[in-house]
Amino acid sequence: MAELQPVQFQAPPVNPAAPNLYAVINWQQDGGDGPLRFLTGVDVEPFNYGAAAGVWGAAWCASEDDLAVDDVKDINDRPDFPATYTAGTFFGYDECTPRDMSEVQARAAQNQRVLEPSSVEDMVATRLLADVSGDEIAAVTVVAAVGVLEAAIAQTGIPGFIHAAPQWAAPAAEANLISRQGALLRTPLGNTWVFGGGYVDTLTDTLVATSQPYGWRGPQNVHPALKMEHNRYVTVAERSVLVAWEATIAAATIGAE
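Letter by letter, the sequence shown follows residues 1209 to 1465 of the working numbering.
So, in structure tokens, the structure goes:
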């Protein structure tokens, strides 16, 4: 009597986890067949975070000749341009003997698709920490950190985004610092939480507030190759992505004294 073999079950592909950075990005280019001009970088010209505003100190009937230089803020109060944002290319890989080439391609594409968001978040976190290096505000608790960042965001007059490692989601929720609005997580003042898997080992205990993230990404490209000398069929799936933002507003490190 033949021995029955175990049932072979191939788990179906699943979608990347959310909420994460990708859930809040405003995509300026998303796939398509057009040229990937962002591969050489993106320079963001700030338009919303200037300081050229104030309260009149001169008399109402003053003439132009009566106004001093300090009475009106000039173009020198425009915000500084952030350093050029650079792109990254993120890949997935799989290989097998040549018996089933379509499965190898599908696995490589799925590896790339699922792990791309966290890889991009790691790249973004590295840039965030470089932007705030030396300027982090010490905060004893997550409550204090969020308070500091919400105050800094409020001073800009524009809703912001707080980037944090997922290990801070539970303490923040316990302190009633998170509410859900559709697919997004909000702070007490209505700013947006960004908990990314790629932030776990990079941002760690530092929370960073930024302006709206923007993104550029090309199509996913799948590159198969048959290596007869090794009796192997290999596939690399890749996509180029760039994320940029107008302003890095403030950062707070939890547990720092």
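Ideal Cβ placement from N, Cα and C applies to all residues, glycine included.
Check                                                                                                                                                                                     : Outcome
Do Ala-1316 and Asp-1302 have their CB atoms nearer than 8 Å?                                                                                                                             : yes
In angstroms, rounded to a whole number, what distance separates the CA positions of Gln-1213 and Gly-1398?                                                                               : 56 Å
Check whether the stretch 1237-1252 and the stretch 1421-1431 touch, using three or more Cβ-Cβ pairs below 8 Å as the test.                                                               : yes
What is the rounded straight-line gap between the Cα of Ala-1433 and the Cα of Glu-1446?                                                                                                  : 14 Å
Would you give the residue range spanned by the alpha helix (DSSP H) that Ile-1550 belongs to?                                                                                            : The question about residue 1550 has no answer, for the chain in this structure spans 1209 to 1465.
Please name the residue, chosen from Phe-1298, Arg-1321, Thr-1305 and Gly-1262, that lies closest to Ala-1437 on a Cα-to-Cα basis.                                                        : One detail in the question is off: residue 1437 reads as Glu in this sequence, not Ala. Per the Cα distances, Thr-1305.
Classify Phe-1255 as buried or exposed, calling it buried when 16 or more other Cβ atoms lie within 10 Å of its own Cβ.                                                                   : exposed
Under the DSSP definition of a beta bridge, which residues are partnered with Cys-1304?                                                                                                   : Tyr-1441
Give every residue of the same chain whose Cβ lies closer than 6 Å to the Cβ of Arg-1440, excluding the five residues on either side of it in the sequence, and list them in chain order. : Glu-1303
Could you give the DSSP three-state label for Ser-1341: helix, strand or coil?                                                                                                            : coil
Tell me the DSSP bridge mates of Trp-1268?                                                                                                                                                : The partner list for Trp-1268 (beta bridge, DSSP) is empty, contrary to what the question assumes.
For Ala-1226, which residues from the same chain have a beta carbon less than 7 Å from its beta carbon, with the 5 sequence-adjacent residues on both sides left out?                     : Ala-1391
Between the alpha carbons of Ile-1370 and Gly-1355, how many angstroms are there, rounded?                                                                                                : 11 Å
So for Ala-1260, helix, strand or coil by DSSP?                                                                                                                                           : coil
Judging by CA-CA distance, which residue of Ala-1231, Gln-1216 and Pro-1287 is the nearest neighbour of Gln-1389?                                                                         : Ala-1231
Identify which residue in Met-1309, Gly-1296, Glu-1211 and Val-1332 has its Cα closest to the Cα of Asn-1228.                                                                             : Val-1332
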